[in-house]
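Undergrad: Once you know that position 96 of the sequence shown is 96 in UniProt numbering, the rest is easy, because the numbers rise by one and skip nothing.
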Amino acid sequence: MKNILFVMLLTSFSILYSCEKDNQKVEIIAEQIQGSWELKTTVNGSTGKSENFPKGNGNILDFTNLNYKIYSNGTLLKNGTFKIVKEESILTKEIVDKIIYDNESNSVKISVKIENEKLVYTVDAFDGPSSIYERK
1 MKNILFVMLL
11 TSFSILYSCE
21 KDNQKVEIIA
31 EQIQGSWELK
41 TTVNGSTGKS
51 ENFPKGNGNI
61 LDFTNLNYKI
71 YSNGTLLKNG
81 TFKIVKEESI
91 LTKEIVDKII
101 YDNESNSVKI
111 SVKIENEKLV
121 YTVDAFDGPS
131 SIYERK
């Protein structure tokens, strides 16, 4: 009986620890995304065709604390709140970071990844487009 109790207790701690690590990873990406990002490249999910954008194009994602602003050609399109969550990708079945705007959890699923001062922003769908932003 003691062995069963010990195994149950050990399993509980393992689960709690893994959840805590996931929360820390979400906090890290939420910190890394802070600032302004300018659109550099888009990739069409259906055709694979890419389009490059020059510096100063005015297509900006701006993240401050838990708030966001989206600009197109320098004009504010939308603003509100955001959060980063861990969810399974439809494409890869792996757990990825997804951004949720304005608590709209039923909206289009967008995964985010930050590498080398680039923000990769991908619609999680089989024909979903991707956008690559560079930190301003």
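For glycine and all other residues, C-beta sits at the position ideal for the given N, C-alpha and C.
Where does Glu31 sit, in a helix, a strand or coil, going by DSSP?
TA: Collapsing the DSSP output to three states places Glu31 in a helix.
Undergrad: Taking the beta carbon of Leu61 as the centre, do at least 16 other beta carbons fall within 10 Å, making it buried, or is it exposed?
TA: buried
Undergrad: Should the segment 84 to 94 be called in touch with the segment 115 to 135, which here means at least 3 C-beta pairs below 8 Å?
TA: yes
Undergrad: Specify the secondary structure class of Lys83 as computed by DSSP and reduced to three states.
TA: strand
Undergrad: Looking at the strands, I want to know which residues DSSP matches up with Ile110.
TA: Ile99, Val123
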